[in-house]
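This note's numbering numbers the first residue of the sequence shown as 172 and each following residue consecutively.
Glycine included, C-beta positions come from ideal geometry on N, C-alpha and C.
Right, one structure below, let's go through it.
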Amino acid sequence: MPTVVAQPVAVFGCRPRVGGGVCFVEDQVVLHAAGTGCLRLHLEQKWQKFIPGTEKSRGVRALAVSPSRQYLAVSETVAEKPVLTVYELSSEPVRRRRTLFAAELPAREAVSLAFSPDCRFLAAATAPPEGHLTYWFWEKQRLMAAVRVEAPCTGVCQVSFSPQDNTQVCITGNGFFKLFKYSGGTLKQVNLEKREPQNYLCHVWLSEEELICGTDTGKLILFETGELRWETSLEYKTPPRDAEDATIKACESSSDVSSELVSEDPNPQQDSLPRISAIAAYSKGFACASSPGVVLLFEKTKEKEVYKERQEIWLPRDLFSSRPKKSGKQDIIHICFSPSEETVVVNTDKNQLYMFTMLSTDLLKEKAAYFVYLNFPLHSTSITGLDICIWKPIIATCSLDRSVHIWNYKMNTVELYKEYQEEAYTISLHPSGLFCLVGFSDKLQFISLLYEDMHVLKEFAVRQCRECSFSNGGHLFAAVNGNVIQIYSSITFENVNNLKGHSGKIHAVKWSADDAKVVSCDTHGAVYEWNLSKGRKDSECVLESCAYSSIALSSDAKIIFAVGSDQTLKEISESSIQHEVPAFGVLYTAVAVSRSGHMVFVGTSLGTIRAMKYPLPLTGDFNEYQAHAGAVTKMSMTNDDLFLLTASEDGSIFIWKVFDKRHGILKQLKEFDYAEEVLIMRSDMKEKNQAMLDLHIRVKNLQAKYDYELHFKDIHYNEKIKELEEHFTQEIGSLKSKHQILQAEKEKQELQHHLQLSELMNKQAREVQQLESDSNQKLFKENEKYEDLKVKAQRMQEEYEKQLHNLEESKSSTVKELTEYYEAKLNEKSALLEEAKEDMRQQLQEHEEITKQMEEDGDQEILEIKVKYQRWLMEEKESNHQLKGEIGVMNKRLNNLQDKLAERNRDIEKMREEQQMLEGIIKSLEKDISTLKTEIQERDNIVQDKEKHIYDLKKKNQELAKLKLVLDQRTEEFMKQIESRENDIRTLKEQIHEMERDREQLHKESTQLKLNITQTQQKLKATRSEMQRERQKKQDMETLVGRFKTDLHNCVGFIQDAQKLKNEIRELYTKYVQQPDLVETEPVDTDLQQEYMRQREYLERNVTALKKARVKDQEIHQAAYGRMLRENASLIKETNDLRQELKAACSQVHDLRAALKLAKKKQAIQGTAPSSEVLSSPAVLRLNAEKESEKIIEMQQLEIQYLRSQIQEKSKSLPFSLS
């Protein structure tokens, strides 16, 4: 049982392109589509109530509110099928009343809905070109009629009911305008389109007969009973501020005008024709959106032009936008009036909601007015960043619509909003809530959150910054630059550290609670834990098959929760995956964890939120909530664990109140006091102070001015009051004289009235007496007739009873004979009859269920009708009571007389009704007689039909027996064929399994061979490089020896001159002996070596794991073993060659030594002193050469030992893997 619960408390967003997207439920309650459901919003109290959509819904496509404001109809797509749902808005919470779907209709979602005037029927229209119009009796879930609406092309489609006729429906779209009438279970078209087809974008009923449509060419067309009555074309409207700016700039310079027109409006041809995208009716006329950003109010006139434009209402310019003029030129796609017509709400194609108060139109002298935001500006596209702070209850979000919002989730308002010239990819709030980071495509900005603006404090050259995050202490922040995480100081703005190691795109960066560690993940399946003090990785967990999208840390940073492309939620600790929770066919896109560690929340690609407890469940033990209409991009928990914040690709933000049933709602012992401080620029303070001083001075001047005007007006009004007093005293005198005359006339009329009343009463008494005598005579006559008829009826009844008795006796005898005759035959068919009885029972049960539903629906309708008529009775009683109160004493006397007359008339009517009842009884008796006769004839016919039926059954029984024999033979044949086919299938399956096993073995062998080939290639490369080095050394030695020989030969030429010979030998010594060793060790970068060793260890671990998982064939092993032996033999040959080369070099050195000895002997003969110096040079040379050769031999021996050890290890591991 899931214990973690989440409840939506606020929603910031509006779903685009929804048919009937905004509606009024009450005067101050607006309903619009948001996420996968609908949102109710109170305009004054600012509360919000979310109505979630159907499970697995893709979002609302169309909605409609009934005329009574009690029901809401929603069109959705669930599991690739269109669904219509009706909700009851009067109940709390909102209750799903009915769900409508029809299997026989094509699977297309409804794009427009409409309720009938009495709220009993629902019309739905699907999008063209294969459009359908359906007519539903939604309370009984019955499809009454459906008709296909053919259209030449796609476009906007709208459906509506006539305001006073349940059977008349209108549907418009691209190329068609059709009126349908429902009668006899079908929808019949009642209008003929005589004019050329237009692209009708919208329409509205103005009365029972009048309907007005708007087209994409700016035409308003009024139809009356389906016939064209009035038509007008609207002009393209420009905002009044733009017109003023244009005139001012035209006066200044014509060249500036041309350049600005090109820059502001790159495509002026689009503005040549207006486009009526929305229309709505109200009591005085209608409102329509003819141009981007404007709504025109039309009122009815008595002139030829039936409707005339009275008011322009414009969308406001957004001063915080990078393009304020374009922000006011949004296309208005829906207009809605409140029930009292005091408020207008519009919805735009940028997902924004605006309102306008109609009361202000009477006060405005200017023709143009302006909308205001319904609450605040909303995001229109995917939200890419979301973050919270500690000091304040605010959220920071950024979106691909180039805007940054600062929301207050306690007050459900927007505190700051700004639009930039480029898209924002990530955002992070400082813990104090006074600063934020915003990442763009080419930079990262450090921004101060001022009182009414956002000021860029510092800009960093970080390109493609997709992730950034402040530390919990706020003294550091991390920014992603490519594959590197850069750590900056928030105080000095210096780059403190660079964390390198990721190979894929980094999708998330999280700080530990003590800011000592940073955890990051990327698209190549790596999750790294970084130690900031050391500047390197502490631990890592790599899973290349998963591209991680989001991570979350526990409060102690020991557990990492990660989600990615493999549809699982992973719990990572100690560099390994400890636990995996499957997503059950959905992709997880975001994850968040409470600070207490008891609650885990994940967002999916379908926009749903899943709440689960910790430890994580293995099964689907979680609560899933319908929320967003797109994939969840970001999630975050508040520091008090009371709220969950989610953002999505559909541009909506949800604020959830969360708690764990096991621990209850988390209540803090002391309520946290949020900071109220804000930042403000010094220049802004000076401007505001100066403005306040100016306003104070202006107020004083105005006060003095108004005091003078008031004094002057007092004098003027006192004079007027005197004149009016004199005038009114004269009028009072004249009115008194008129009153006396009227009173005298009243007394005369009262006397006349009394005389007329007395005459009428006498006349009425006489008429009543005559009516009584006449009615008594008629009653006596009717009574006599009634008694005669009663006697006749008794006689007839006795006769018919005798006849019926005789018929029953004859019938019983015949029935007994027939039953005895047919009992044997009926027993044979008893089995068939029992089956038929079972079918009948099932049908009876279904019939009873249907009747129960019909009775329940009938009871509901009776209750509704009863309530309706009771209301009417109450209204009639109240009106009668008012009339009685107004009538005087004379009218009361007349009423008493009329009551007496009414009683007499009622008595007469009762007598007439009794007479009619008697006549009805006589007629019913005659009908009973006729029915009895028909019953006798019918029973005779039934007996004959049964005999025929029994004969037919006999024939059918014989035919069935024959068919049974034939079928038995065929079944035997088919069974034999099936057995043979099954055997074939089994053999084929076995072959397939064997082939699959062979294929798997071949695949494993091929992979192992590839690995071996790569290893041997690497070894060959190493040996080749070593050979090249040795050859190079050999060449160097040969060149050195050659040079030494030539120099020695030159020295021998000076053998006669001892001094020159000594100098030359010294030069040889300095040249060849003091030269540094030929073999130089190259400096090796320790970091590269460590990285190489780490990669090598990682690859070796992968190789061993693959070897353990695969089985090798013995022959391949022997071939590989032989190949390795051959390689070893080749290497030994190469070493032998090198040894021979070394021997040759040693012999050359020996020759040189002999030559030097000859030189020594010659010098000894000459008796020169420096003989010892000459002897030392070849000895040193020989020593260096011997050392180099010994080093080379040792290196070759080590390489041979290493290769032999590898061969032995592989020979050991391969038999183990084979076993």
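Between the C-alpha atoms of Gly397 and Asp1028 there is a straight-line separation of about 36 Å.
The way I'd put it, the segment 555–566 does touch the segment 603–621; three or more beta-carbon pairs between them come closer than 8 Å.
Three or more pairs of CB atoms, one per stretch, sit closer than 8 Å, so the segment 765–782 contacts the segment 813–830. The DSSP assignment places no complete alpha helix (DSSP H) segment of no fewer than 4 residues inside the segment 1006–1063.
Collapsing the DSSP output to three states places Pro411 in a helix. DSSP places Gln1230 in the uninterrupted alpha helix (DSSP H) bounded by Ala1229 to Leu1239.
In the three-state reduction of the DSSP assignment, Ser765 falls in the coil class.
The segment 754–768 makes no contact with the segment 705–716: fewer than 3 CB pairs, one atom from each, lie closer than 8 Å. Tyr719 and Gly696 have their alpha carbons spaced roughly 6 Å apart.
Per DSSP, reduced to three states, the secondary structure at Leu284 is strand.
In the DSSP assignment, Trp401 falls within the beta strand (DSSP E) that extends over Glu398 to Ser404.
Taking each of Ser619, Leu1096 and Ile577 in turn and checking the Cα distance to Tyr588, the smallest one comes out for Ile577. Residue range Val803 to Met808 is occupied by the beta strand (DSSP E) that includes Met808.
By the Cβ criterion, the segment 1166–1179 is in contact with the segment 1262–1281, since at least three pairs of Cβ atoms, one from each stretch, lie closer than 8 Å.
Looking at the DSSP output, Ala733 shares a beta bridge with Ile722 and Lys741. For Asp831, the enclosing beta strand (DSSP E) begins and ends at Ile824 to Asp831. Annotation: the continuous beta strand (DSSP E) that includes Arg268 extends over Arg266 to Leu271. Residue state for Phe457 is assigned as strand, using DSSP reduced to three classes. Note on the segment 336–406: whole beta strand (DSSP E) runs with a minimum of 3 residues are 336–344, 347–354, 357–360, 371–376, 381–386, 390–395 and 398–404, in chain order. In the DSSP assignment, Phe772 is bridged to Ala763 and Ala782. Comparing alpha carbon positions, the residue from Val236, Glu921, Ser1177 and Leu620 closest to Ser287 is Val236.
DSSP lists Asn702 as the bridge partner or partners of Lys688. Counting of Cβ neighbours within 10 angstroms places Pro253 among the buried residues, the total reaching 16 or more. Under the three-state reduction of DSSP, Val176 is assigned to strand. Two segments are said to touch when three or more pairs of C-beta atoms, one from each, lie closer than 8 Å; by this definition the segment 740–747 does not touch the segment 188–203. Partner residues in a beta bridge of Asp959, as assigned by DSSP, do not exist. Note on Thr528: under 16 other CB atoms within 10 angstroms of its CB, so exposed under the neighbour-count rule. Annotation for Gly206: no beta strand (DSSP E) segment contains it, and DSSP assigns it neither H nor E. In this model, Ile1303 and Gln1368 are separated by some 10 Å (Cα to Cα).
DSSP places Trp309 in the helix class (H, G or I) of the three-state scheme.
Listed as beta-bridge partners of Gly610 by DSSP are Thr597 and Leu615. Phe772 has its alpha-carbon roughly 12 Å from the corresponding atom of Asp812.
Annotated as proximal: Arg229 and Thr248, with beta-carbon spacing under 9 Å.
In the three-state reduction of the DSSP assignment, Tyr588 falls in the strand class. In this structure, the beta-carbon distance from Asp489 to Pro463 does not fall below 9 Å.
Judged by beta-carbon spacing, Asn669 lies within the 9 Å limit of Ile656, meaning their Cβ atoms are closer than that value.
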